[in-house]
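To start, the structure under review is shown below, and the notes come after it.
2 protein chains.
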Amino acid sequence: MGQGGVLSTFFWTLPTQNVKNINKHAVVDLIRFTSGGISRIELSRQMNLTRAAITTIVSDLQSVGLVREVESHYPSGRRPIVLEINPDRGYVVGIDMGATHVTILVTDYSARVVRELDETLDINAGPEVCLPRVEELVYRILAEAGLTIKDVSAIGAGVPGPVVAGIGVSGPPIMPGWDGYPIRDDLSKRFSLPVSLRNDAELGAIGEWAYGAGRGERHLAYIKVGTGIGAGLLLDGQVYGGANGSAGEIGHVTIDESGPICTCGNRGCLEALAGGRAIARRAIQEVNSGRRTMLAEISPVSNIRSRDVIAAARRGDLTSQQIVTEAGVHLGTALASLVNLFNPSMVVVGGGVAQIGDLLLEPIRETVHQRSLLPASRSVRITSGLLGRRSSAMGAVVQALSIVLHRLADHE
Amino acid sequence: MGQGGVLSTFFWTLPTQNVKNINKHAVVDLIRFTSGGISRIELSRQMNLTRAAITTIVSDLQSVGLVREVESHYPSGRRPIVLEINPDRGYVVGIDMGATHVTILVTDYSARVVRELDETLDINAGPEVCLPRVEELVYRILAEAGLTIKDVSAIGAGVPGPVVAGIGVSGPPIMPGWDGYPIRDDLSKRFSLPVSLRNDAELGAIGEWAYGAGRGERHLAYIKVGTGIGAGLLLDGQVYGGANGSAGEIGHVTIDESGPICTCGNRGCLEALAGGRAIARRAIQEVNSGRRTMLAEISPVSNIRSRDVIAAARRGDLTSQQIVTEAGVHLGTALASLVNLFNPSMVVVGGGVAQIGDLLLEPIRETVHQRSLLPASRSVRITSGLLGRRSSAMGAVVQALSIVLHRLADHE
DNA sequence: CTTAAATGTCAAGTAATTTAACATAGGTCA
DNA sequence: TGACCTATGTTAAATTACTTGACATTTAAG
Chain A
937 MGQGGVLSTF FWTLPTQNVK NINKHAVVDL IRFTSGGISR IELSRQMNLT
987 RAAITTIVSD LQSVGLVREV ESHYPSGRRP IVLEINPDRG YVVGIDMGAT
1037 HVTILVTDYS ARVVRELDET LDINAGPEVC LPRVEELVYR ILAEAGLTIK
1087 DVSAIGAGVP GPVVAGIGVS GPPIMPGWDG YPIRDDLSKR FSLPVSLRND
1137 AELGAIGEWA YGAGRGERHL AYIKVGTGIG AGLLLDGQVY GGANGSAGEI
1187 GHVTIDESGP ICTCGNRGCL EALAGGRAIA RRAIQEVNSG RRTMLAEISP
1237 VSNIRSRDVI AAARRGDLTS QQIVTEAGVH LGTALASLVN LFNPSMVVVG
1287 GGVAQIGDLL LEPIRETVHQ RSLLPASRSV RITSGLLGRR SSAMGAVVQA
1337 LSIVLHRLAD HE
Chain B
937 MGQGGVLSTF FWTLPTQNVK NINKHAVVDL IRFTSGGISR IELSRQMNLT
987 RAAITTIVSD LQSVGLVREV ESHYPSGRRP IVLEINPDRG YVVGIDMGAT
1037 HVTILVTDYS ARVVRELDET LDINAGPEVC LPRVEELVYR ILAEAGLTIK
1087 DVSAIGAGVP GPVVAGIGVS GPPIMPGWDG YPIRDDLSKR FSLPVSLRND
1137 AELGAIGEWA YGAGRGERHL AYIKVGTGIG AGLLLDGQVY GGANGSAGEI
1187 GHVTIDESGP ICTCGNRGCL EALAGGRAIA RRAIQEVNSG RRTMLAEISP
1237 VSNIRSRDVI AAARRGDLTS QQIVTEAGVH LGTALASLVN LFNPSMVVVG
1287 GGVAQIGDLL LEPIRETVHQ RSLLPASRSV RITSGLLGRR SSAMGAVVQA
1337 LSIVLHRLAD HE
């Protein structure tokens, strides 16, 4: 094949600028996302190419130091040589900006975490405050890891709002002050590095798909339950963003028409019933109404955060557990719709609130299965994330590595 | 390029058995789905290939008589030669089995309808009754068109339930008696022809995308409102079926937890509130409660069908109009969730009930826009189908033509 | 009638992949 | 120990789909 070319998607056609070496890139991705590495013969089977073709592609990748060979142990016949990404060529940074916190990871080229950092960050303070803070924190984590910015090849970043064309955030009323701000270009200039920007829930889906609970699932929904609630969708193996990049806005699906008013202006949104703020508000209500609970120890009462409720629930506080269960039922109601519409094979529940585990998962599962007798609801597996608070930041790492590895592959 | 190869979908890889001539197939699709035809130069621009490459591909297609040249009129410079599918090579049949009716179309290779037929069919009678009836009707429409089965090259068919692997229907409680029956193989044997089988709502989406209101939309949802309610989803230009082929089951999304019991066993499903049977039931209620309405003329009252309600609403019957509006509000409620989750650029409303037009559409639009202030809901266009009752049958034709044209293209 | 501006075609060169033969690395069994 | 089997990996020639760059064709404008 020469230049140009087309990826045909059943009956529509999607022109791609640089299709040169599709297969080279596919090989890179198969190597990096197969845990424990993959041999040449396995590559040739999965890609419907001959061993000879794989040999030439792989030797190209070896010549730029992108992959390396490892020993393997199989019976009967010559042992396959397992290939994996060469981790020693550099580092990448993954940044996950949440509503109230930011998580930053430094990893090597095979996505192994070298250093981690978690700090508070008020997203509502706007980009002029947040981005310099992020810059400072990136330099801090690099120093802690004994590295400098020169050791970093690319950066992946996530924000808790719909991302348009990978450039910035769109759409009030979410993330006031950020609308239209060129986040990617700002970060790119700040560090003089290529930057990939995405929605945090999408990154969570990518992270859990690549290294977590959703490995290899073709139809995966990741739902991030924190201060806000959002879903990241992997459909037919691709991140699905919709027409404006705002697909998966499950936080603003109406659950109860007579429910509390949401930050978005409507009534009874999922986020207003099961988000972090809703959980904190319910807890304050219970304390004020004089109910016996560990939460009463916190003073002033208005300082109660969803974290406190979750911690108390863990330690056996019945009131807190009830609040979490209620949130789970609301989540299950919304997820039942999502499951009926998307028919994913797996739903991964992540985000701060999800850290509590089965106490939240059980009511979700029960509600989803109860809500429908249909095959979609019966077959879907609902589980919590394997990467915990790191899901989105790991997704950001995956994105950063995509930039780096594919660019390296082209530089043959 | 040789044999084999891979379609890379961002970071996952999708092995394709027969990627030989991806571009040839892409050219065929661009020609058939560009209304008014397309020139070589335009093909080369849209596909990122050189004019020379297009020339060789097109001459291959001409040598098997698949495409033909037409005159065109452009200013300044040589006029481009417009290419279109050669319609004279044969015919295909599209079959849309609904819950109560079946629509059959015969078209030529450029999808122009030669003959149409609409007959009653009770899907609940099971495949042993329905499929022989369909066979009989196909022979009848062919005779009416002055053709025989030998003039037909392929058949597309749609059924009102989730289709698994293009072979048959899965999942009770929908379509009792059909579960696991090899519908495609049965039809294929009956006519000794290749058959493509799909869900009817998916076919509606395909039909409206190809020749109707949703031309060229990359993110399209088609909602079929008939006896049952289902959605067909075109995401990123591909039909999205989900893990079990049951994506888009919007009919069984819960709208009102205390609502009427649905055929699926749950309470308050959309279908139980806004489907054809629900509309008929509401009408019977109103007549029985003594309300003044044209519907009172129908006797016995239990004979009232949704068609009657729609006809009466058209003629100005206020009670019927109110019933339709109520259904519209329920539909809008469910579609608001769908829009927030999928963020499609367009929603096309089709099916029997939708034939009434704005009386149903207006409450849908109002409810969707009211339900959310988010970009997804504000930007989505909601419209009725352009192909009317034919949407799904035209989708079936598209499928049949895909079989035929791509096989012809390979036979170079 | 010339020139310019497009579209379409042709022949030679190129790059990715197949084909088919061969090389390598292990296990098994006489 | 070595003959034999099996599976993986490599090599060189052939094939194929494309690009490159020159040329041919068709139209409008001066």
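Which chain is which? The protein sequence lines are A and B, in order.
Every letter in the first sequence is one number past the one before it in the numbering used here, and letter 179, counting from 1, is 1115.
Every letter in the second sequence is one number past the one before it in the numbering used here, and letter 357, counting from 1, is 1293.
Beta carbons are placed, not taken as given, at the ideal position from N, Cα and C, and that holds for glycine.
What you are looking at is a predicted structure, and each value in this text was computed from that prediction instead of being measured.
Requested in this report: For the beta strand (DSSP E) holding A/M983, just list the boundary residues, first then last.
Outcome: Here A/M983 belongs to no beta strand (DSSP E); instead the alpha helix (DSSP H) covers 976 to 983.
**Report entry** Span separating the alpha-carbon of A/I1017 from that of A/L985
**Finding:** 17 angstroms
Requested in this report: Consult DSSP for B/M1111 and reduce its assignment to one of helix, strand or coil.
Outcome: coil
Query raised in the report: Hey, would you say B/N1180 sits closer than 7 angstroms to A/N1276, going by beta carbons?
Result: no
Report task. From the DSSP output, in three-state form, read off B/A1329 for me. Result -> helix
Query raised in the report: Of the choices B/S1132, B/A1079, B/P1063, whose alpha-carbon is the least far from that of B/S1338?
Result: B/S1132
Query raised in the report: Measuring CA to CA, which of A/I1103, A/A1210, A/I1085, A/L997 is closest to A/A1270?
Result: A/A1210
Report task. Just the C-alpha distance for B/L1231 and B/A1219, rounded to the nearest angstrom, thanks. Result -> 8 angstroms
Query raised in the report: In whole angstroms, what is the alpha-carbon distance linking A/D996 and A/A1345?
Result: 8 angstroms
Query raised in the report: How close, in whole Å, do the beta carbons of A/E1298 and A/G1264 come, if the pair is a contact with beta carbons under 8 angstroms?
Result: 7 angstroms
Query raised in the report: For chain A, is any of its Cβ atoms less than 7 angstroms away from the one on B/S1182?
Result: yes
Query - Any chain A beta carbon closer than 7 angstroms to B/L997 - result: no
Report task. Tell me, please, whether the CB atom of A/F1127 is closer than 7 angstroms to any CB atom in chain B? Result -> no
Report task. Sort out for me which residues DSSP pairs B/S1132 with in a bridge. Result -> B/G1092
Query raised in the report: Can the beta-carbon of B/V1000 be found closer than 7 angstroms to that of B/L1019?
Result: no
Query raised in the report: Taking only beta-carbon atoms, is A/F947 less than 7 angstroms away from chain B?
Result: Its pLDDT being 44, under 50, A/F947 is placed unreliably by the model, and nothing is read from it.
Query raised in the report: Which full runs of the beta strand (DSSP E) of 3+ residues lie inside the segment 1258 to 1303 of chain A, going along the chain?
Result: 1282 to 1286
Report task. Using only alpha-carbon positions, find the residue among B/R1154, B/E1185, B/G1152 that is nearest to B/G1168. Result -> B/E1185
Query raised in the report: What three-state label does DSSP hand B/V1161 in the structure shown?
Result: strand
Query - Pair within 7 angstroms by beta-carbon distance, B/K1160 and B/G1331 - result: no
Query raised in the report: Should B/H1009 be labelled buried (16 or more other beta-carbon atoms within 10 Å of its own) or exposed?
Result: exposed
Query raised in the report: Is the beta carbon of A/A1093 sitting closer than 7 angstroms to the one on A/L1129?
Result: no
**Report entry** Reduced DSSP secondary structure (H/G/I, E/B, other) of A/G938
**Finding:** Residue placement at A/G938 is flagged as unreliable, the pLDDT there being 39, under the threshold of 50; the coordinate-derived value follows with that caveat. The answer is coil: DSSP assigns A/G938 none of H, G, I, E or B.
Report task. Measure the CB-CB distance between A/V1316 and A/V1283 and report whether it falls below 7 angstroms. Result -> yes
Report task. Using 10 angstroms around the beta-carbon of B/W948, count the other beta-carbons present and answer buried if the total reaches 16, otherwise exposed. Result -> Reliability fails at B/W948, whose pLDDT of 44 lies under 50, so the model's placement of it is uncertain and the value that follows must be treated cautiously. Classification for B/W948: buried.
Report task. Can you have a look at B/H1347 and say buried or exposed, based on whether 16 or more other CB atoms are within 10 angstroms of its CB? Result -> exposed
Query raised in the report: Near A/I993, what residues of its chain come up, given a Cβ to Cβ distance below 7 angstroms and the 5 sequence neighbours on each side ignored?
Result: N959, K960, V963
Query - Bridge-paired residues (DSSP) for B/C1205 - result: B/T1190
Report task. Consult DSSP for A/H1305 and reduce its assignment to one of helix, strand or coil. Result -> helix
Report task. Confirm, please, whether the CB-CB distance from A/G1293 to A/S1320 is below 7 angstroms. Result -> yes
Query - B/D965, enclosing alpha helix (DSSP H) - first and last residue - result: 958 to 969
Query raised in the report: Cα separation between A/Q1258 and A/R1325?
Result: 23 angstroms
Query raised in the report: Using a C-beta cutoff of 7 angstroms, does A/G1287 count as contacting chain B?
Result: no
Query raised in the report: Comparing the C-beta of A/G1178 with each C-beta of chain B, is any distance below 7 angstroms?
Result: yes
**Report entry** Opposing strand residues paired with B/T1056 [DSSP bridges]
**Finding:** B/H1037
Query - DSSP three-state assignment for A/L950, whether helix, strand or coil - result: In this predicted model, A/L950 has a pLDDT of only 43, less than 50, meaning its place in the structure is not dependable; the value taken from the coordinates is given anyway. A/L950 falls in the strand class under three-state DSSP.
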